[in-house]
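Quick note, the sequence shown lines up with residues 51 to 252 if you use our numbering.
A virtual CB, placed ideally from N, CA and C, is assigned to each residue, including glycine.
The next block holds one structure in the form of structure tokens; read it before the comments.
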Amino acid sequence: MNPLVTDKISPVLTLDLTDSTHAALSNYAGRIGKLLSAPAVRANPDLAGSLDDFLGAVYALIQAKQHSFFDRTGPIEIAAVEKRAQRIAAGKVRTDGKWIAGFYFNNALFRISAIYHRVLKSVVGEKAYVPVLLPKVQAIYPQWVNSKLDMVHNQVNDLKHTPRGVHDERTVTYDDAVAAAAELLALIESWTSANVSSVPTP
51 MNPLVTDKIS PVLTLDLTDS THAALSNYAG RIGKLLSAPA VRANPDLAGS LDDFLGAVYA
111 LIQAKQHSFF DRTGPIEIAA VEKRAQRIAA GKVRTDGKWI AGFYFNNALF RISAIYHRVL
171 KSVVGEKAYV PVLLPKVQAI YPQWVNSKLD MVHNQVNDLK HTPRGVHDER TVTYDDAVAA
231 AAELLALIES WTSANVSSVP TP
């Protein structure tokens, strides 16, 4: 027999919209929501999937800030990582602290970089690496700015492909990541408004 189902109230983090970063991230989520509400966007699995992952990047940036993320300019504190690993091995998972803030930040970087590459493919209509796709996209949207996106993409390539990753220091700041999200959203909006007439504009 199934237990009685009762309504549960999930915990909600209320953003301080007087904070400029919270206000920006809230705005991004609203713009993503407008795009997702368009039937033509829902019918496009490439775009709908990218926007789903993009909202996850916004969420990760919010959580990184909530956990007091700070821009690390020095090496990783391996002793702290070792201590956290030992706690997990003992069955105790800490859900706050600098490490978890960095976890959320890295999550945002990976998502932004992946969506960046996927959207470039969609705009150009071909599968290729970012250096091949980027000049073609810039020719279509010459006013589009992507300097922070390139920084994020390069940082993620370091995380994926270099033996040290970002052990020594990070090259992308939190503000860089927030700005990169804005650049990515601008590209998605430009492309969808040009290709899907029913997509609402912010």
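- Note on Thr123: under 16 other CB atoms within 10 angstroms of its CB, so exposed under the neighbour-count rule.
- A contact between stretches requires three or more CB pairs, one per stretch, nearer than 8 Å, and the segment 96-105 fails this requirement with the segment 143-154.
- Secondary structure of Leu235 (DSSP, three-state): helix.
- Take the alpha-carbon of Thr223 and the one of Phe120: they are about 8 Å apart.
- If you check the CB distance, Ala158 and Ala236 do not come in under 9 Å.
- Separation of the CB atoms of Leu170 and Val187 is rounded to 5 Å, and the pair is thereby assigned contact status at 8 Å.
- The three-state secondary structure of Gly124, taken from DSSP, is coil.
- Secondary structure of Gln136 (DSSP, three-state): helix.
- Only buried fits Gln205, as 16 or more other CB atoms lie within 10 angstroms of its CB.
- A direct Cα-to-Cα measurement between Glu127 and Asp146 gives close to 16 Å.
- With respect to Val228, Ala74 sits close: the two C-beta atoms are nearer than 9 Å.
- Counting C-beta pairs with one atom in each stretch, the segment 190-201 and the segment 82-97 have fewer than three that are closer than 8 Å, which means they do not touch.
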